[in-house]
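Enquirer:
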Amino acid sequence: MKTTLSVAMMCAVALLSFSTPSMAKNTRISDEQIKERLIQESISTYSGNCPCPYNSARNGSKCGKRSAWSRAGGYTPICYKDEVTQKMIDDWRMKNGNT
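Residues -24 to -1, 1 to 75 in mature numbering (1 follows the signal peptide of the UniProt record, and there is no 0) are what the sequence shown lists, from first letter to last.
#1: Looking at C-alpha atoms only, which residue of T3, G73, T52 and N72 is the closest neighbour of C28?
#2: Distance check for Q16 and I65, CA to CA, integer angstroms please.
#3: Could you pull out every residue in the same chain whose Cβ sits closer than 7 Å to the Cβ of Y22, ignoring the five residues on either side in sequence?
#4: By the three-class DSSP mapping on this structure, what secondary structure does residue 78 have?
#5: Mind checking V(-18): buried by the 16 CB within 10 Å criterion, or exposed?
#6: Is it true that the CB of C39 sits closer than 8 Å to the CB of C26?
#7: Which residues share a DSSP beta bridge with K38?
As structure tokens, this is what we get:
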């Protein structure tokens, strides 16, 4: 009886260890989470110090109007959730296999 129970427990643990990663891949990420990721990706591609108004400059002050987002021309990072369109979210889902 103990052997049967032990074998059953081992099988259950093995099954869970194999099914958990595949279940995680199928978890749908919310639109809000994708917006945050798109913003972070956009900011991380900016080579300067002040991509967005709310970021800090080297001296510790807020970037404000000195930010790339605030200046006309050049690179314009995505800094706010309301700038992320549904198409951008859909494109991200297709690219990352999260449909």
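Think of the CB as a built atom: it goes at the ideal place given N, C-alpha and C, for glycine as much as any other residue.
Expert: Based on what the coordinates show:
#1: One-based indexing of the sequence shown puts residue 28 at position 52. Among T3, G73, T52 and N72, the Cα nearest to that of C28 is on T52.
#2: Here residue 65 corresponds to residue number 89 of the sequence shown, with the count starting at 1. Here residue 16 corresponds to residue number 40 of the sequence shown, with the count starting at 1. Looking at the two C-alpha atoms, the distance is approximately 14 Å.
#3: The residue you call residue 22 lines up with position 46 of the sequence shown. Excluding residues within five positions, the ones whose Cβ falls inside 7 Å are A44, Y51 and P53.
#4: For residue 78 there is no data in the structure shown, the boundaries of the chain being -24 and 75.
#5: Position 7 of the sequence shown, counted from the first residue, corresponds to residue -18. Low per-residue confidence applies at V(-18): pLDDT is 42, beneath 50, and the placement is therefore not dependable enough to give any value.
#6: By 1-based counting over the sequence shown, the position of residue 26 is 50. By 1-based counting over the sequence shown, the position of residue 39 is 63. In contact: C26 and C39 (Cβ atoms closer than 8 Å).
#7: Locating residue 38 in the sequence shown gives position 62, counting from the first residue. Bridge partners of K38: S32.
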